[in-house]
Every structure is written in structure tokens, then in C-alpha cells.
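Sequence positions in the sequence shown follow my numbering and run 57 to 323.
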Amino acid sequence: MAMDVVDYEIFGSEMQYVEVELDPGEAAIGEAGVMMYMQEGITMDTIFGDGSQQGGFFGKLMGAGKRLLTGEGLFTTVFQNSGAGKQRVAFAAPYPGKIVPMDLSQLGGTIICQKDSFLCAAKGVALGIAFQKKLGVGLFGGEGFIMQKLDGDGMAFVHAGGTLMERTLAPGETLRVDTGCVVAFQPTVDFDIQFVGKIKSAIFGGEGLFFATLRGPGKVWLQSLPLSRLANRIILSAPAAGGRSADQGSLLGAGVLGGLIGGGNDD
């Protein structure tokens with residue numbers, strides 16, 4: 057079925073949100089917890105499946121099953137304009153980065169992306185699954201055997217952490233990338249995993265044991281700040297989680313003065 061054609065505008069720099077304008081009867085689908093605001097004429101509904109307008113119970117069941125395999129819930133939230141004029145609904149990025157608008161009709165109809173990068177889309181875009189056929193990619197690629205596949209001819213919006221890099225690879229052109237920095241790529245791009253090559257680099261280099269290799273032709277989207285990297289830095293800096301704060305060990309830090317005041321010394 058034809059997708060809803062929506063207009064949109066992206067606001068902000070580091071913490072962005074996308075505002076989608078809907079004509080009467082048009083709708084957008086959003087991931088759980090990303091809605092920022094909606095105007096009075098917008099009605100919100102939760103539907104079973106992926107919101108791709110597949111008919112019948114079996115089609116909805118297949119859509120729900122795909123969402124479970126990609127780590128999402130059984131239900132999708134739909135925001136529909138039930139009013140007489142144009143109405144707007146906005147979706148916010150979950151952490152610092154960039155919102156990437158993707159016109160699937162201009163990208164061959166299909167995009168493969170990280171499981172947690174999808175933000176929202178025009179109703180009718182199918183949220184499917186893409187199995188990694190290569191064992192090495194599934195075991196060491198950072199995304200497992202299953203990634204998310206967006207199908208259709210409408211607008212979809214994905215989120216990239218930090219700064220976005222968008223590049224079109226020529227046939228045979230290859231990029232070696234940290235596995236967590238891959239946001240999305242066209243299905244014509246070959247996605248594989250390569251060992252770093254040297255044991256010393258793998259153990260002490262801090263970059264992990266494997267690189268992702270992206271070989272053209274096709275377009276790729278990369279992020280400078282994967283959510284996993286951001287979360288690791290926060291945990292390492294959080295004393296409550298076993299990390300160390302910046303002032304720990306100083307006279308004014310929690311390691312000395314805080315321990316004296318709080319009675320934390322065991323002796």
C-alpha cells in the first residue's frame with residue numbers, strides 16, 4: 057500500500073527533535089517513548105504489529121514477531137490527524153546526536169539499520185528484520201544476527217549519536233569502522249567483520265578485537281558517539297557504579313573529605 061506523504065522539520069543542534077506535519081487522515085508511527093508533543097487534532101493509538109498496514113491477523117502477527125526479534129515491543133504507537141486541518145506531532149532524539157531523514161523512495165525502498173536507531177516514520181513504512189548471513193558478523197558485529205530493516209516508499213527518521221557521517225561508497229570501496237559506529241546502510245553494501253590483525257593491538261589498543269568492514273556500492277551512515285560508548289563512559293565515571301569521579305582522592309573529593317564526614321573509614 058502507498059505510504060502517507062508527510063512534511064517535516066528538524067529542530068535543534070545537539071539534542072534534536074523532528075516535527076512532522078500531517079494532513080487530515082494522515083498518520084505517523086513512532087517508537088515507544090519518543091513522542092515530544094502533539095497538537096490537539098492528533099489522536100494517539102496503539103496497534104498490534106509494526107504499523108505497516110498489513111491486512112489480516114496473520115500479517116499483524118508477523119509484524120509483531122519481527123519487532124520482538126529486533127528487541128522491540130509487540131505494539132507500535134500511531135499518531136493520526138483526526139482534525140479538519142493540518143496538525144503536527146514531534147518526536148525527540150533519546151540522546152545527543154543527529155536525526156537523519158531518509159526518503160526510502162530515493163534510497164531504493166530499503167534501509168538496514170541498528171535495532172535501536174529507528175525513531176519514527178510515515179505510516180505504511182514496514183519495520184522488518186535483516187538477518188546477518190555471515191557467522192562472523194552475527195557473533196562479533198556488535199548487533200548480533202538481527203538488524204532492523206525499513207521497507208517502503210515514505211519518509212523514515214533514524215537517530216545517530218554524536219556527529220553524523222554520510223558517505224556513498226563506490227563499487228569495491230571499503231571502510232573499516234568500529235562496530236558500534238554503524239548506523240545504517242543500503243542493502244547493496246556488503247557488511248562483514250575483520251580481525252584487527254595484531255594481538256597486542258587487540259588487547260591493549262582499546263578498540264576491541266574486530267572492525268566492521270563496509271564495501272560498496274551504496275550509501276552508509278556512521279555515528280561518532282554510539283550509545284554503548286556513552287553509557288560505558290558514564291558508568292566508569294560514576295562512583296555509585298564502581299567508577300571514579302574526577303575529584304576522587306583529592307582533599308575536597310569524596311575519597312577523603314567525604315569519607316571523613318560520612319564515617320566511611322573502616323579503621
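Think of the CB as a built atom: it goes at the ideal place given N, C-alpha and C, for glycine as much as any other residue. All values reported here derive from a predicted model rather than from experimental measurement.
Take residue i as the anchor and find which of the options has the nearest alpha-carbon.
i	options	result
Pro152	Pro295, Ala294, Ile291 and Leu286	Leu286
Thr102	Ala88, Gly165, Met92 and Pro295	Ala88
Gly180	Met92, Phe147 and Ala83	Ala83
Gly272	Val76, Val61 and Leu225	Leu225
Lys154	Ser293, Tyr64, Ser280 and Ile290	Ser280
Pro80	Asp63, Asn137, Ile66 and Met158	Asn137
Ile98	Ser284, Glu229 and Gly139	Gly139
Gly208	Lys171, Gly228, Met158 and Ile249	Met158
Ile66	Leu175, Pro282, Lys171 and Glu229	Leu175
Leu283	Pro150, Ile202 and Ser293	Pro150
Ile202	Lys171, Gly228, Glu229 and Pro227	Lys171
Can you name the start and end residues of the alpha helix (DSSP H) that residue i belongs to?
i	result
Leu283	Leu283 to Leu292
For residue i, which residues of its own chain have a beta-carbon under 7 Å away from its beta-carbon, when the five flanking residues on both sides are left out?
i	result
Leu278	Met221, Val233, Cys237, Val238 and Val239
Thr244	Pro273 and Gly274
Leu117	Its pLDDT being 48, under 50, Leu117 is placed unreliably in this model, and the value from its coordinates should be taken loosely. The answer is none, since no qualifying residue turns up.
Suppose the cutoff is 6 Å on Cβ atoms and the five residues either side in sequence are ignored; what does the same chain contact list for residue i look like?
i	result
Leu231	Leu270
Met100	Phe135
Ala177	Ile85 and Ala212
Ser173	Val214, His215 and Val239
Thr133	Gly86 and Thr102
Pro227	Gly272 and Pro273
What does a CB cutoff of less than 8 Å around residue i pick up in its chain, not counting 5 residues either side in sequence?
i	result
Val156	Phe213, Val214, His215, Ala216, Leu220, Glu222, Val239, Ala240 and Trp277
Glu96	Gly139 and Gln143
Gly318	Caution is warranted here: a pLDDT of 47 is assigned to Gly318, below 50, making its placement in the model unreliable, and the coordinate value is therefore given only provisionally. Contacts found: none.
Gln204	Thr126, Ile168, Cys169, Gln170, Lys171, Ser173, Phe174, Leu183, Gly184, Ile185 and Ala186
Drop a sphere of 10 angstroms on the beta-carbon of residue i, count the other beta-carbons inside from all chains shown, and report buried for 16 or more, exposed for fewer.
i	result
Asn288	exposed
Glu70	exposed
Phe247	buried
Gly165	exposed
Ile168	buried
Pro295	exposed
Ile249	buried
Leu292	exposed
Gly218	buried
Would you check if the distance between the CB atom of residue i and the CB atom of residue j is smaller than 8 Å?
i	j	result
Gln143	Leu183	no
Ala268	Thr235	yes
Ala146	Glu75	yes
Gly210	Val61	yes
Gln242	Leu163	yes
Met92	Tyr73	yes
Following the continuous beta strand (DSSP E) through residue i, name the residue where it begins and the one where it ends.
i	result
Gly153	Gly153 to Asp159
Gly139	Segment: none, Gly139 is in no beta strand (DSSP E) and carries neither H nor E.
Lys205	Ile202 to Asp207
Gly274	Gly274 to Gln279
Gln365	Missing from the structure shown is residue 365; the chain here goes from 57 to 323 and no further.
Val233	Thr230 to Val233
Gly86	Ala83 to Gly86
Leu225	Leu220 to Leu225
Met94	Met91 to Met94
Gly217	Met211 to Gly217
8 Å is my cut-off, CB to CB: does residue i come that close to chain B?
i	result
Ile167	Absent here is chain B; the protein component of the structure consists of one chain.
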